[in-house]
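Residues in the sequence shown are numbered from 5 upward in steps of one, following the numbering used here.
A virtual CB, placed ideally from N, CA and C, is assigned to each residue, including glycine.
Below: the structure, in C-alpha cells.
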Amino acid sequence: MRYLSLFLFSILTLVGLSTNTMALANTQPQLAKTYLAQKPNCDDPQTQLEINICSQLSYQNADKKLNQAYKQLLPKLSKTRQQKLIAAQLAWIKFRDVSCEFERSAYEGGSIAPAIYAGCLEDATKQRTQQLREYLQRDDY
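Laid out in C-alpha cells, this is it:
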C-alpha cells in the first residue's frame, strides 16, 4: 500500500494538477458489493445485512460530500498549496483506511464488522469534510 501511495503521488505530480481531482475521487476503499432483489429500508433496517448495506451507503454519501469540498478547494489554492493538499489528502486517506481497519478488527469474523468499518469510514470522512469546508471559509488561499 505504501508503494501504491507513492506511485499515485508521483503520477499526480507528473500528469499535472488538473487531473488530481479525478484521481483522488477514486480512492475509496473497496467495500464488499452485495446485490439484493430490493432496496433496503435504511430508515428502519431489520437485519444485520441491511444494517451493513445501509452503513455502506451512508459512508458513500459522506464520501461524495468530501469529494465536492475537495474539488471546490483545490482550484482556489496556489500550485504549491495544491501539491501540499494533495499530499495531505493521500496521507489522510491511508490513515483513515488503516485506522478503520484497526477498529473493525475488534469484530473480526462477526457479521457486524462491515457496519463497524463503514461507520468508522463515515465518521472520519465527515470530520475531514468539515476541515476542508473550514479551509474554504478562509480567505488565505
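Keeping to the same chain, check which residues put their C-beta closer than 6 Å to that of R137; ignore five residues upstream and five downstream.
Once the five neighbours on either side are set aside, the close Cβ partners of R137 are A73.
Through-space distance from R100 to I116, alpha-carbon basis
For I116 and R100, the distance between alpha carbons rounds to 19 Å.
Are A119 and Q52 closer than 9 Å when you measure CB to CB?
Note that the C-beta distance between A119 and Q52 is below 9 Å.
Suppose the cutoff is 6 Å on Cβ atoms and the five residues either side in sequence are ignored; what does the same chain contact list for T129 look like?
A66, D67, L70
Where do the N-terminal and C-terminal ends of the alpha helix (DSSP H) with P118 fall, by residue?
117–141
Boundaries of the alpha helix (DSSP H) in which L61 is found, first to last residue:
52–77
Among A91, G113, L61, Q76, which one has its Cα closest to the Cα of L125?
L61
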